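*Asks:*
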């Protein structure tokens, strides 16, 4: 949790934190546990609350070292020796989401009255939140919005109607018109009421010499950061989801879409409208041609195409076979 | 026609309304008909003008109960007994579009001086039109634009640089940065001058607990409303066209596109960049995988993929067959 | 270079212009050449600097009439008799990009104090740069940004949160909410430091009666202009890259993407999410169905579909053949 962007409202006693939630609390002894933070199960420590659910829950439960861990009934027994108290919940992630909202609060914009920027060209109508830092030589186009605590390096060019929140940006970056950095990622937890948005308390981190095209969106991480490496260039209308890691010197053409938690190496090229589902790895120097849609990892240096994408040679073989198969038979 | 958003400029005499249009007006008797409203042929009543053209024109003409109906020459004879005067036009929809522009006018922003909002957190640079209503506990990010007459419920979170016009939004909704609600739908009528934009005098209606991602666009209806049901969550960069109906608790991933007048049930899941052409129905609980592009209705509960999309089992069979076919023959 | 939008900072002596660049300068005689402009190799004249690299470099070198031409070592000898001095560079386009930045500078917004518009309805929060011209009867929605020197014709409707820079727009156009016209195109030159953004010193030119949907982006040209012809209608979320030429009365549905330098005729229809890679020609009256992705030119009047796209009849044959091939064999 980055204090430049979020306020920590804790600690709370466990009972306060669980107030109103449909969670089975064992009698007496645990009520006065003090909970400092909420964290994912692999990062939570002895004063934290966490949750375990979904794919790999058994293993995650065994490894969880949180003071308190929300679990479904069938996973409660798997909470390991290192872990603390398992609390049974019908909707562990939804309850955890409510708790996140109780522990952390995004800082407000304030009135910006104390912001002092030296050698920064700020367009008319720009709104800047309290505590933002902007480096010398940077230009911000009219009507853009820079959130509280945002850090922008030197000699950057921020276009018009840009929104940047929860972000730390290096030097010599260009963020073009209408781009949005730091929006909440898309994550929905099942709850008794239907779906519940999972709070995102992470950030976006951009290195140096990065270009972000018009209308491109880069979501902040759920925890931790969404990262883009030095020298990477993104065209217009691209969507980069929460927790994605993109290496250095990548080139992504228009309308590319990267779903959550993908891990993309250095020097990767993606043609127009290529897209990745979540948790896909793409190795250094790989290339996805336009419209490519891999559904498994793409090894370094390979060129892939198609939906679902395969190595391009395989795609060409398939296309050739289909063409041959479809060829009208000459009448004899 | 919703008076919160549009001003009714009628009634007009038929002659006034048709002034300058290339329409054959029968002599004398009809000039002093007074026309109150313009409406689609299935909704128009005894004081209205309508038009009939395109697919199903013969049936529509027979059913039309408008006082006056613009029709092409070959459809004039089909205007039924219930209907009024058929007026022959070379371009019935284009002429009807001109008439819409004469009968209805969107309300202006005014200066917002009389807007009073209680317990609403309005960011710097926000512009709000006259007559907008915003519920307690709602927050609006900097530089967003809320059109005249817009209704936003309680405890909503509106991001920065959002545009909301011609919309009625429930409680606990989140509309993220750069989203646009209530833009004119995309509809073009053939005219003597080429294409003419068809005026859209409908609205957008959102239920409760809805999330709309960054840069997502939801167009208002031509007539009536574009609807999204309670609990539906839309990711970034999605396009929802005019007159679409989306049910409750749907989940749409990034870059999904829904063309005009689609009808989508409850609990429908659409993967990244799945898309629907116009007038497609998707049943409750159906799932479209990433990149799926159905060209016919998708039954409830089914999982579809591919372009054109089919049930996923059929897709997998096709992929398997193609792979086998394309496999290089071992040299004997 | 259009003086309404850019300031010419030259002429410079060759030595000034090359200062700090890793270019082999032949001794003595050329240092005091005065360079007026930088231009592409086919347009550069006797007082200009240019570069030659990449595909077709040999031919381009032979035809180049620039006073000075940056070339890679292997192309230096091809500089023709008509041409001037070849200067050997490891990264001709990157060095040329640096030079562009030294010769031309975009005009700033200024304070707009001298802008006088007659009969223009300007919304609250709109920012307009110095020297912009806006015709009578035009309406600009709240919080939009109109760059310095921009020309907008009469009776246009500009939405809210729109950004228009480096653009000349005709009469009766509609530019809907969140659209961005005139952003820098996406072009990256290889340099010693990785990729370098290529400056774009061109413009966007729109004819009359054009509609640009919400969130649609139209990039300005590298040199010259990106053009859209009279009566063309673009839906939401479309991306039009630099130097694209689109004819009259085209209809593009949502999420269409057109890569750089495509040339599209009159009356072309593109379904949702159809896309073109760069330098593709599409003839008059051609139609691309939804999701179509041609990788070669599309002849006038033809209907194409698929990825890669083919004439629709061929697509249907292929689909039919695949279906037949994948059909489960009845057990005998």
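Chains as they are written, first to last, in our numbering: chain A, 23 to 354; chain B, 23 to 354; chain C, 23 to 354.
The C-beta atom is built at its ideal place from N, Cα and C for all residues, glycine as well.
This one's a predicted model, so the numbers in the text were calculated from it and none came from an experiment.
(1) For residue 42/B, tell me which candidate among 25/B, 61/B, 118/B and 298/B has the shortest Cα-Cα distance.
(2) Given a limit of 8 Å on CB to CB distance, which residues of the region 281-308 of chain A reach chain B?
(3) Indicate whether at least one CB of chain A lies closer than 7 Å to the CB of residue 239/B.
(4) Suppose contacts are defined by Cβ-Cβ distances below 7 Å. Is residue 198/B in contact with residue 246/B by that definition?
(5) Using DSSP bridges, identify the partner residues of residue 166/C.
(6) Measuring CA to CA, which of 140/B, 301/B and 275/B is closest to residue 310/B?
(7) Answer with yes or no whether the minimum CB distance from residue 219/C to chain A is below 7 Å.
(8) Helix or strand or just coil, what does DSSP make of residue 220/C?
(9) Output the distance between the C-alpha atoms of residue 91/A and residue 125/A, rounded to the nearest integer angstrom.
(10) Below 8 Å on the Cβ atoms is my contact criterion, and I expect residue 223/C with residue 122/C to pass it. Report the Cβ-Cβ distance as a whole number of Å.
(11) Whose CA, out of 201/A, 266/A, 172/A and 180/A, lies closest to the CA of residue 184/B?
(12) With 7 Å as the threshold, decide whether the Cβ of residue 115/B is near any Cβ in chain C.
(13) On the criterion of 16 or more Cβ atoms from any shown chain inside 10 Å, does residue 36/B qualify as buried, or is it exposed?
(14) Does the beta-carbon distance from residue 63/B to residue 82/B come in below 7 Å?
(15) According to DSSP, is residue 185/A part of a helix, a strand, or is it coil?
(16) Suppose you measure from the CA of residue 303/C to the CA of residue 320/C; what does that come to, to the nearest Å?
(17) Are residue 281/B and residue 264/B touching if we call contact CB-CB under 7 Å?
(18) By the 8 Å beta-carbon criterion, what residues does the region 232-258 of chain A contribute toward chain C?
(19) Look at residue 70/A and residue 79/A and say whether their C-beta atoms are less than 7 Å apart.
(20) May I have the straight-line CA-CA distance separating residue 33/B from residue 213/B, to the nearest angstrom?
(21) Taking DSSP as the reference, what is the three-state secondary structure of residue 124/B?
(22) Tell me, please, whether the CB atom of residue 314/C is closer than 7 Å to any CB atom in chain A?
(23) Evaluate the contact criterion for the region 131-147 of chain C versus the region 129-143 of chain A: three or more CB pairs, one atom per stretch, below 8 Å.
(24) Against chain E, does residue 155/C count as a neighbour if the rule is that its beta carbon must be under 7 Å from one of theirs?
(25) Runs of 3 residues minimum, wholly inside the region 257-336 of chain C: which ones carry the beta strand (DSSP E) assignment?
(26) If you measure between the beta carbons of residue 167/B and residue 164/C, is that distance less than 7 Å?
(27) Is residue 60/A close to chain C, meaning its C-beta is less than 7 Å from at least one C-beta of that chain?
(28) Considering residue 249/C, what are the terminal residues of the alpha helix (DSSP H) in which it resides?
(29) Would a check of beta-carbon distances place residue 339/C closer than 7 Å to chain A?
(30) Should the region 143-163 of chain C be regarded as contacting the region 171-190 of chain C, the criterion being three or more beta carbon pairs within less than 8 Å?
(31) Does DSSP classify residue 199/A as helix, strand or coil?
(32) State the start and end residues of the unbroken beta strand (DSSP E) segment that holds residue 212/A.
(33) Quick one: give me the first and last residue of the alpha helix (DSSP H) that residue 85/C is part of.
(34) Alpha carbon to alpha carbon, what distance is there between residue 227/C and residue 114/C?
(35) List the endpoints of the continuous beta strand (DSSP E) containing residue 37/B.
(36) For residue 224/B, would you say it is in contact with chain C, using Cβ-to-Cβ distances shorter than 7 Å as the test?
*Replies:* According to the structure data:
(1) Working through the second chain from its first residue, we reach residue 42/B at position 20. Among 25/B, 61/B, 118/B and 298/B, the Cα nearest to that of residue 42/B is on 118/B.
(2) Per Cβ criterion, the list reads 281, 295, 297 and 299.
(3) Along the second chain, read from residue 1 onward, the residue named residue 239/B stands at position 217. Not one beta carbon of chain A lies nearer than 7 Å to the beta carbon of residue 239/B.
(4) The sequence position of residue 198/B within the second chain is 176, counting from 1. The sequence position of residue 246/B within the second chain is 224, counting from 1. Not closer than 7 Å, so no.
(5) For the purposes of this step, residue 166/C is identified with residue 144 of the third chain, where counting begins at 1. BP columns for residue 166/C are empty, so no partner.
(6) Here residue 310/B refers to the residue found at position 288 of the second chain. The residue with the shortest Cα to Cα distance from residue 310/B is 275/B.
(7) Translated into the one-based positions of the third chain, residue 219/C becomes position 197. Residue contact check for residue 219/C against chain A: a CB pair falls below 7 Å.
(8) For the purposes of this step, residue 220/C is identified with residue 198 of the third chain, where counting begins at 1. Annotated three-state conformation of residue 220/C is coil, per DSSP.
(9) Numbered from its first residue, the first chain carries residue 91/A at position 69. Numbered from its first residue, the first chain carries residue 125/A at position 103. Approximately 16 Å between the Cα atoms of the pair.
(10) Start at 1 with the first residue of the third chain, and residue 223/C comes out as number 201. Start at 1 with the first residue of the third chain, and residue 122/C comes out as number 100. The beta-carbon separation of residue 223/C and residue 122/C, rounded to 6 Å, stays under the 8 Å limit for a contact.
(11) The residue given as residue 184/B occupies position 162 in the second chain. Of all alpha-carbon atoms in 201/A, 266/A, 172/A and 180/A, the one lying nearest the alpha-carbon of residue 184/B is that of 201/A.
(12) By 1-based counting over the second chain, the position of residue 115/B is 93. For residue 115/B, not one C-beta of chain C is nearer than 7 Å to its own C-beta.
(13) Along the second chain, one-based indexing puts residue 36/B at 14. Classification for residue 36/B: buried.
(14) What you label residue 63/B is simply residue 41 of the second chain in a count that begins at 1. What you label residue 82/B is simply residue 60 of the second chain in a count that begins at 1. Less than 7 Å separates the beta-carbon of residue 63/B from that of residue 82/B.
(15) Along the first chain, one-based indexing puts residue 185/A at 163. Correct three-state label for residue 185/A: strand.
(16) Along the third chain, read from residue 1 onward, the residue named residue 303/C stands at position 281. Along the third chain, read from residue 1 onward, the residue named residue 320/C stands at position 298. It is roughly 6 Å from the alpha-carbon of residue 303/C to the alpha-carbon of residue 320/C.
(17) In the second chain, residue 281/B corresponds to position 259, counting from 1. In the second chain, residue 264/B corresponds to position 242, counting from 1. No.
(18) Going along the region 232-258 of chain A in chain order, one finds 233, 235, 236, 237, 252, 253, 255, 257 and 258 with a Cβ nearer than 8 Å to chain C.
(19) In the first chain, residue 70/A corresponds to position 48, counting from 1. In the first chain, residue 79/A corresponds to position 57, counting from 1. No, the Cβ-Cβ distance between residue 70/A and residue 79/A is not below 7 Å.
(20) Residue 33/B sits at position 11 when you count from the first residue of the second chain. Residue 213/B sits at position 191 when you count from the first residue of the second chain. Whole-angstrom Cα-Cα distance: 25 Å.
(21) Mapped onto the second chain, residue 124/B falls at position 102. Shown here, residue 124/B sits in a helix according to DSSP, grouped into three states.
(22) Taking the third chain and counting its residues from 1, the one referred to as residue 314/C is at position 292. No, no contact with chain A.
(23) Contact check between the region 131-147 of chain C and the region 129-143 of chain A: fewer than three CB pairs, one atom from each, fall below 8 Å, which does not count as touching.
(24) Judged by its chain identifiers, the structure shown contains no chain E, and its protein chains are A, B and C.
(25) Here the runs fully enclosed are 325-327.
(26) By one-based count along the second chain, residue 167/B stands at place 145. By one-based count along the third chain, residue 164/C stands at place 142. Their beta carbons are under 7 Å apart, which means residue 167/B touches residue 164/C by this criterion.
(27) As a first step, residue 60/A is located in the first chain; it is residue number 38 there, counting from the start. Not an interface residue.
(28) Residue numbering aside, residue 249/C sits at position 227 when the third chain is read from its first letter. Annotation: residue 249/C is outside any alpha helix (DSSP H); the continuous beta strand (DSSP E) that includes it extends over 247-250.
(29) Position 317 of the third chain holds residue 339/C. True, the Cβ-Cβ gap to chain A drops below 7 Å.
(30) By the criterion of at least three beta-carbon pairs nearer than 8 Å, the region 143-163 of chain C is in contact with the region 171-190 of chain C.
(31) Mapped onto the first chain, residue 199/A falls at position 177. Coil, per DSSP.
(32) Stepping through the first chain from its first residue, residue 212/A is reached at position 190. Run containing residue 212/A: 210-213, per the beta strand (DSSP E) assignment.
(33) As a working mapping, residue 85/C is identified with position 63 in the third chain. Boundaries of the alpha helix (DSSP H) harbouring residue 85/C: 79-85, taken from the DSSP string.
(34) Translated into positions along the third chain, residue 114/C becomes position 92. Translated into positions along the third chain, residue 227/C becomes position 205. Looking at the backbone, the Cα of residue 114/C and that of residue 227/C are separated by about 29 Å.
(35) As a working note, residue 37/B is residue 15 in the second chain. In this chain, residue 37/B is not harboured by any beta strand (DSSP E); it is covered by the alpha helix (DSSP H) spanning 36-39.
(36) Within the second chain, residue 224/B is the residue found at index 202, counting from 1. Answer no: the Cβ-Cβ gap between residue 224/B and chain C never drops below 7 Å.
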